[in-house]
Amino acid sequence: MRFLCAFSTLAAEVPPCPAAPTARCGAMEGLRAGSALQPTLHLPFLPRHFYRAASSKEHRLNFWKSKEMCLNYIQDALLQKQWRRAAEFLTSYIEALEKDFSTKFMGPSEMIWRIGSEILCNHSHRNMREFSSFIEQMKSLGIKRYLKVCLEHAFHLLCNGLIDEAYRNLSLAESWRFGELTVVQDKEMKLIQAYRGLLDYYTWSNQKNILLEYGKDGFEDSSVEQEMHSCFRKAAVSLKEIIKIPGVWDLFVKAYVDLLEFYGDHQEAREVLTDYAYNSKFPTNPNAHVYFCQFLKRHGAPKKSLISALKILHDIVPSHELMIDFNTMLQKSKKRKRRRLGLEVIFAVLDYAGWKENVKAWSCLARQVKQIVISEKHLNWIKQEWNSRRDWWPAFHFSRYLAKRNWQENESLSYEKALVAGVLLGKDCKYFKYVSRQGCKAQVKKFRTLKKFVTKHSSAYLSISGL
Amino acid sequence: MEFPGALFPSYFGSGPPNDEAGPAPAAGWGERGEVLQAGSGRRQVLPPFVPLRGHEGESWTPAEAAAVPLLPPNVGCWVPGVTPQDILYRGVLHRKLRTGRSGAALDFAKQLGHFFVDHPEDAFSSLGRLLHKNFHLGDSRLRKGSARDTTIRMTSLVEKINHMEARRGCPQHPFTSHLRLFSHLCRDWLFEVPLGLLADCVHEELLLQWTSLLFDDSSTGGALAWLPPRDASSHVGCLVYPGGLAMNHLYFQDVVLEEQPRARGLPVQFELNGRIRQVAAARVDGQDFVGVRSDYYCGVWRMPGKTGAAPSSLQVIHTDVPASCLTVSPHLSGELSVCTQSGAVYLWNVETGLQRLRHDPQTMFFRDHSPWRWSDFTAHPRVLSCADRTGILCLDARAPTSCHFNFFKVGEEAKCQQGERVVLPMYLGRAHPCQHLVATQFAMYLLDERLPLVPVLKWAHMMKAPPLLADIVPGESGRSHKVLLGTSHTQELLLLQYTGGSQMACQLTGPPQRLHSIASCLPHLPTQLPHQHHLLQQRLSIPAAGLAAVKHEQGQQDSLLVFQLSEAGDVFYQTLRHEAAPTPVPDQRDESEPAPTPDKGDEAEAPPGSPILLGSEGEEQEEEEEQTFYLSNLEVIINDEEEEEEVVATPAAPEEPEPHASPRPAPDVPSAAATLRYRRWLRALLQAWVSSPASSCGSGRPTLSQRRLFTRKELSEVAPSALQQYRLQLHQAMREQGRVQRWEPAPEPPSPPPSLEPSALSSRLTAAWKGEWGAMGPSGSTLQRQRALRERRRQQKRNRAHRSLSASFTSSITYQSELSELSEGGTPRTPPATPREVVVCSQPRTPPQSPNDTLLSSQELQSRGIPKERRRTLRDYLSMWTEGPQDPPEAPSSITVQRCIPSSQSSQSQLSSASQPRRKRPRMGF
């Protein structure tokens, strides 16, 4: 791996140079036209033929040009998976560090880090030592990106199963101080702490498992227990920190709640989950609601609160898979209002293309529709639900093509669907006709009863369709 | 439809983007993004963490060295696109402007000039007609008393204008005060359309052209659609694409997927009344619906159930404002969504008609000037997504005003950069019912409808132009989905893979991969003559207009077919093969050979097979006058009459076993089949080019027809043996790649005709040759020129009646007459001055009257309806133009330069100087 050494040593020789304040590149100046002449879209790279070179800045321009060209070659090689060729070009590109005039967001040092780690990841992904030594040099190359590089390094170690080394790296990065942190750096620092906390949590849960296992045998080790508690403290502090900030923190929230629950702090756990799910500053993450519902279920919360939590999830994501359980739960309920909600929920689920061929969902609907039709009460519920779907459900669910296909592919699905179709669209509907005929032909008993059922309750169809 | 149990961690902010980052050329590399614990908390599972951006993906390798043409070229389309050179000002003024603030100066004055010269009737007709009587253009003095009062002589003015024209491009040409005065005087009243108004309009139009040159979003979505086979067992799909002269024909072409895809039968064709911008297709209940968008019309077609029947057109709608989007619903048959540039979004049902869901000329989240709108379907058949440059909104078609939610925002929510804009949204329903792709000029985002505003995946794509084309190939049974992103102007094509969405969170797997662009096949085409090479280069680098990908399984081999459409209507394809077991060495090229540099176009060898063509040359030549010659590797098509046997002869060559064919993963040389396709495509293109009107005008190659050189009668007059000899000479010269010598042993070259003028000219030229041009100075040269002109005029007066007007009444007449004169006597009158001169160059004229001068005699001019007083002017005017080509041969002795231009070029120069259409037009309408 000669080239690696080459580009590593080269990189080490060049001192990190602070971004010098310089003028913009001359070539770009020619493009700063009047506002009317600017493209409607801010483009990443203007086409080559638009560039016009200014002669006075020849020298810098040449350097800039060759730098650009070199970068293009690297890009080209990377996109064709020619890692070695890219590495060869990268050794030349390292010269770009010498004149790092750029005030741009991404200077050569960051590019070298990105490209270098991409090459090393893909080309010699088994050789962790090489990668680590490269990253160590990259860390010293720029202060602005120190934390980012540390974080990415830790990710790389974690993905390769080197948990302990990653932990060491994260704690080292955590102790890094360099003046005031920028907003971005602050975020990165919080993330580093959170990941360190997460690893603490894993150690804790490991030790917990050990203790639980040996605890059964009457074996107690106070040192292990102590260590476990210190892990808990470290994990809890840093995890608590990050989940206050708006974001998607599924991993951290789960870990933190687990910690709290183990130590019996249910109140705090509940608060954390409520905040994660219902704080308006957070994105509407379905998982937050799922975790909250799961927590409620675990702790035997009253049905009412569970239903209200699921109702909110239904409003946010009507197509969530928990809605099937929600519907089953509501169907069993004695309250009319809840059964009504159940029907609404299952209709909404089946609106989505992803549930189109789900037997479970269709059987839920079929069961409830059958119930209502037999009891002959609340037919207006079905009517209300059907009104907004009347014009597109027949084409979406009950076309002749689908009847044929469902019958061929999934008989029980076609049975459930045929029942719903028979009730909603009457016995002359294409879907019902096709499936019941095929079912009778195939001598399947349930289809015969289905036919009887639909014919018997044809009045229900009339009242649903408003005739 | 499960939702992943845990998502990758990310911050969530709101508000405008904070990130001031500009375009970062390497932003997409080297990051893991975030990590997530895979599995259910058991630490024994390895690896326990998975990255957002993984490095292990499926390995797809290109089967060919470049993109290969699938269909014959779209031969009708020769209209060249607008280039920056056409509309930008280059010259003195520009240099001044560049120091100022405005960088790109639009040269609307040039366009105005073109308009005045090309359409004088439209520009000046009425005043030209009015002033007709009052302007005298002749040389003679005004005699009649009454005429003298109302008429002015404009002769000198016209002369000056002509001088200006002659010195166009000369940086030091002085404006004469006379001319300036005149133009100042007539600026207000001479033009049909007031000059200011016209200039405003032209400038406005140029501005539009310039913006569309910088970024043209009209072809967003792409105009190529693949309709998959009706049942899995058959391998016949259908490709829908535009073609024809103005890309206004819609083609439905059956394509058989085999080892190499091939077209089956002739395409079904529909002629539409507008350029096709977008073709969208979707399959609902086993039926394919194809939506076609042009600027003001949108149409929908349904594919027939039976094979062999023609697709049926269902409905067409007309919009007042150009439509910017048309998508076909994948859920309900006959449903489409249409957006117009006025900001309206319609749900279009073939049965129930149009339903307007939204109308908002303003953009959604912040102010942006672009009128571009897009809309697509979502997992819920009644919910549509509406996009503009600032973000995406989802709304329910049943209650569009009340039921909606923000789906994507250009802002801190998705961690966008400043200046980032939505370029292409796409519903990925075929891969996962809830996923959407959003491409901006910097990054691609993957969004899940169930988690709005937060992209589940983001990757900086680093493409040089905004991706306007995209397609997805869903991966079945846990395999990765393949996303293809394509740009229009730069023809970039990127293949990305991702997994997840249901049980696991979305992950990008494997490094992105660049696929071949259409232009990449240029080095693999047979070597061409420079002008043909240039033509090819232009043709192949035309922006891409469509993209379609299809997965095709053949036995054990998985392959991915990518079809590309160019704006000229050419369809190319490339095949990628899946390597089932990824080898431990991820780098395919490392061990085999040093990687080639990207710009290796010149060193790319011609495919083996082309030199073999030399063999068939001999006997064909003997048979009869042969128009096609093969000089080692060069294909020279002299005339447009292509012999049938040639067509048969050419493809025979590549069918020979390919010596270079090897099972390497990424070949550098196209396979035999591909070579055959290249050759066929190239031949069709060049044939069409030669016969197309575009080849004869503008930058096209001048064609030299033998029929115009000699009539059959003339040829028969020459002794057959002589004819044979000439022919042999011609062939030999071509074989040696030399020049044709004179027809016959030249008689004594006659002394150059006595003339005063050439001495001045020759001295000037000699001076110029010695590099003293600058020393002479502009004043000196103009003075000399004026003196020369004066001398010339004096001489012209002397032989007043019978003037030697040569060469350029119109190009064709002159040309023919000159040549007929040449062949009439059997011997040329005046052999060329330089011994190695080409035959077909302009001959120096002796002052005495030559037979063809009758052409320009008074009678002739009269018979052509030219008024008496103008005949003179016309002659003068025309004689100015003969000056150029005539001068050099007149003074060969003083010029030391040997004219050694190959015959075709010299004739070209003459032709172009004589046949410039602009120069023979009357100026300014009088």
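As you go down the protein sequences, you meet chains A and B in turn. Just so you know, the working numbering puts the end of the first sequence at 870, numbered straight through with nothing missing. Just so you know, the working numbering puts the end of the second sequence at 1610, numbered straight through with nothing missing. Yeah, the Cβ is synthetic: ideal placement off N, Cα and C, and Gly gets one too.
A straight-line Cα-Cα distance of about 18 Å links A:Phe558 and B:Met1188.
A:Val720 belongs to the set of residues whose beta carbon lies under 7 Å from a beta carbon in chain B. Within the segment 1176-1209 of chain B, the residues whose Cβ lies closer than 8 Å to some Cβ of chain A are Leu1178, Pro1195, Pro1196, Gln1197, Arg1198, listed in chain order.
With the criterion set as a beta carbon lying under 7 Å from some beta carbon of chain B, the members of the segment 758-782 of chain A are Trp758, in sequence order.
B:Leu1068 is bridged by DSSP to B:Phe1061, B:Leu1079. Under the three-state reduction of DSSP output, A:Asn525 falls in the helix class. By the C-beta density criterion, A:Asn612 is exposed, having fewer than 16 other C-beta atoms within 10 angstroms.
Inter-residue distance for A:Ile777 and A:His860 is about 8 Å (C-alpha atoms, whole angstroms). Taking C-alpha positions only, A:Ile646 is separated from B:Ile771 by approximately 56 Å. In the three-state reduction of the DSSP assignment, B:Phe692 falls in the coil class, being assigned neither a helical nor a strand state.
Ranked by how close their Cα comes to the Cα of A:Arg808, the residues B:Asp979, B:Ser824, B:Leu1360, B:Val968 have B:Val968 in first place. Distances from the CA of B:Ala793 to each of B:Ser1059, B:Ala1406, B:Cys885, B:Ala1098 were compared; the closest alpha carbon is that of B:Cys885.
For A:Leu699, the CB contacts under 7 Å within the same chain, skipping 5 residues up- and downstream, are Ser708, Leu709, Ala712 in chain order.
Between the beta-carbon of B:Leu956 and that of B:Leu934 there is about 6 Å, and that keeps the pair under the 8 Å contact cut.
In the structure shown, B:Cys1190 falls within a coil segment according to DSSP collapsed to helix, strand and coil.
Separation of A:Thr606 and A:Tyr659 (C-alpha to C-alpha, rounded to the nearest whole angstrom) is 13 Å. B:His1088: member of the beta strand (DSSP E) spanning 1088-1093, first to last residue.
In this structure, B:Gly1113 and A:Ala638 do not form a Cβ contact; the two beta carbons are roughly 41 Å apart against a cut-off of 8 Å. B:Tyr773 and B:Leu890 have their C-alpha atoms spaced approximately 11 Å apart. Within the segment 663-695 of chain A, Lys684, Phe685, Pro686, Thr687, Asn688, Pro689, Asn690, Val693 place their CB atoms closer than 9 Å to a CB of chain B, listed in sequence order. At least one CB of chain A lies nearer than 7 Å to the CB of B:Phe687.
The distance from the Cβ of B:Asp901 to that of B:Trp1056 is about 5 Å, consistent with a contact at the 8 Å cut-off.
Take the alpha-carbon of A:Arg532 and the one of A:Glu539: they are about 11 Å apart. DSSP places B:Lys1142 in the strand class (E or B) of the three-state scheme. Taking the C-beta atoms as reference points, B:Lys1142 is found nearer than 7 Å to B:Tyr1129. For the 7 Å CB-CB criterion, B:Pro1195 and A:Asn525 form a contact. According to the DSSP assignment, B:Trp1373 belongs to the alpha helix (DSSP H) that extends over 1356-1375.
Chain-order list of chain A residues neighbouring B:Pro1065: Asp754, Ala756, Trp795, Phe799, by C-beta distance under 8 Å. Beta-bridge pairing by DSSP links B:Tyr1129 to B:Val1122, B:Lys1142. A residue is called buried once 16 or more other Cβ atoms fall within 10 Å of its Cβ, and B:Glu1097 is buried on that count. Put simply, of A:Leu614, A:Asn572, A:Cys473 the residue whose alpha carbon is nearest the alpha carbon of A:Ser535 is A:Asn572. Note: B:Val1107 is not bridge-paired with any residue in the DSSP secondary-structure output.
In chain order, Val766, Ile771 place their CB closer than 7 Å to the CB of B:Gln893, counting only its own chain and leaving out the 5 sequence neighbours on each side. Going by DSSP, A:Asn790 is part of the alpha helix (DSSP H) stretching over 782-790. Residue nearest to B:Val974 within the set B:Gln999, B:Glu718, B:Pro1210 is B:Gln999 (criterion: CA-CA distance). Within chain A, the C-beta atoms nearer than 8 Å to that of B:Ala690 come from Asp653, Leu654, Lys657, Asn690, in chain order.
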